[in-house]
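Remember, the working numbering sits 176 above the position in the sequence shown when you count from 1. Built from N, CA and C at the ideal position, the CB exists for glycine as well. What you are looking at is a predicted structure, and each value in this text was computed from that prediction instead of being measured. Notes to accompany the following structure.
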Amino acid sequence: MVQEAHEFIQLRAALAVEMKIKDRKFRVDGADYSASRLAQFKQERAQELDRMLAQHPPSLDLPFVYPCQLQSGFRERKGHTSGLDLQFELFHTLCLGRQVLPEGRQSVMQALCPSSVGDFATTNRICLWKNAMALFDSDEDYEYAFHEDQVDGRRVVYFEWLARVHINTLSAVVKRLGKVEKGDECLRLNKSFYVAGGEEECTKEPLLFFLEHPAGIHIYCGRLGYLGHRGSNPPEFRWQLLDVASMDWDKIFNTLGLEY
């Protein structure tokens with residue numbers, strides 16, 4: 177397990193280089209560091225990983241990730257998450273289907289933006305970033321069961337979710353949620369599927385989905401696709417898991433004790 181955890185860091189570094197070749201704005205490990213500073217960072221990162229493995233070993237039978245494994249530099253305070261960009265493609269590629277350790281939402285935030293310290297409200301079920309959003313679902317929400325179906329021979333999973341957010345931000349959040357990438361049209365909740373996020377308005381920014389185990393551990397379950405919403409109080413959304421085929425969804429489902 178220890179060797180696997182350290183090898184993950186090398187995988188992250190290789191993937192970062194590959195992505196930089198495709199996107200010149202992508203930062204590579206230690207791009208702004210001297211050789212000695214970079215060596216210091218890598219040593220401290222390895223020490224932190226060993227400490228995490230000893231103090232917070234994986235408790236669920238799922239792949240795991242620690243925020244320090246995703247770091248590319250020393251952490252700096254950058255302000256509120258709404259002003260920070262995520263390196264979404266890197267996180268999504270490396271962490272889909274993994275438990276984020278140790279337990280707690282702070283670990284998720286550090287994993288999403290590992291080289292920055294972003295401020296966020298721990299009570300919010302939606303976390304807004306500059307170029308993405310994250311939705312958190314916990315055992316208190318499991319009364320809204322998941323549904324499974326087949327679309328063109330593909331397995332699809334979707335669910336309903338109530339947008340319990342602060343009233344002063346509700347309108348803006350609902351509008352932004354309606355513009356994310358859409359799911360399969362045949363699974364739509366109602367006509368809002370067409371109205372809320374028409375092609376001319378659809379931003380297709382990623383909405384990342386995290387399910388919380390009763391032990392407080394969050395599991396990254398990929399992107400959500402918009403299927404419409406009702407203007408109730410609070411608003412009710414229907415979401416589709418877009419990455420079911422790319423992760424061991426059955427294992428995650430059973431680990432969390434969910435039901436269809």
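### Query
What's the gap between the Cα of Thr-257 and the Cα of Val-349?
15 Å
### Task
Alpha carbon to alpha carbon, how far is Gln-245 from Leu-466? Give it in angstroms, no decimals.
Lying before the first or after the last residue shown, residue 466 is absent from the chain, which here runs from 177 to 436.
### Query
Apart from the five residues on each side of it in sequence, which residues of its chain come closer than 8 Å, Cβ to Cβ, to Met-423?
Leu-272, Gly-273, Cys-397, Gly-398
### Three-way DSSP call (helix, strand, coil) for Val-420 in this model
helix
### Query
Leaving out the 5 sequence neighbours to the left and right, which residues in its chain are closer than 7 Å to Pro-411 when beta-carbon positions are compared?
Ala-339, Val-350, His-405
### Task
With Cys-397 as the anchor, note down where its alpha helix (DSSP H) starts and where it stops.
Element bounds for Cys-397: not the alpha helix (DSSP H) but the beta strand (DSSP E), 394-406.
### Task
Go through the stretch 209-268 residue by residue and report every complete run of the alpha helix (DSSP H) that reaches 4 residues or more, in order.
For the stretch 209-268, whole alpha helix (DSSP H) runs of length 4 or above, ordered along the chain, are 211-231.
### Task
Under the assumption that Val-356 contacts Glu-336 (Cβ atoms under 8 Å), give the Cβ distance between them as a whole number of angstroms.
About 16 Å separates the two Cβ atoms, so there is no contact after all.
### Query
If you drop the 5 nearest sequence neighbours on each side, which residues of the same chain put their C-beta closer than 6 Å to that of Phe-312?
Counting only Cβ-Cβ distances below 6 Å, and skipping sequence neighbours, we find Arg-301, Phe-386.
### Task
May I have the straight-line CA-CA distance separating Ser-210 from Gly-359, to the nearest angstrom?
46 Å
### Task
Give the range of the beta strand (DSSP E) segment to which Met-309 is assigned.
309-313
### Task
Please name the residue in Val-178, Phe-267, Gly-392, Tyr-402 whose C-alpha comes closest to that of Val-371.
Tyr-402
### Query
Which partner residues does Arg-414 have in the DSSP bridge list?
Glu-336
### Task
Go ahead and pull the three-state DSSP assignment for Lys-427.
helix
### Query
Count the other CB atoms within 10 Å of the CB of Tyr-436; is the residue buried (16 or more) or exposed (fewer)?
exposed
### C-alpha gap between Arg-414 and Leu-277, whole angstroms
28 Å
### Pair within 7 Å by beta-carbon distance, Leu-262 and Ala-308
yes
### Task
Determine the direct distance from the alpha carbon of Leu-187 to that of Phe-267, and round the result to whole angstroms.
12 Å
### Message
Suppose you measure from the CA of Ser-408 to the CA of Asp-328; what does that come to, to the nearest Å?
### Response
32 Å
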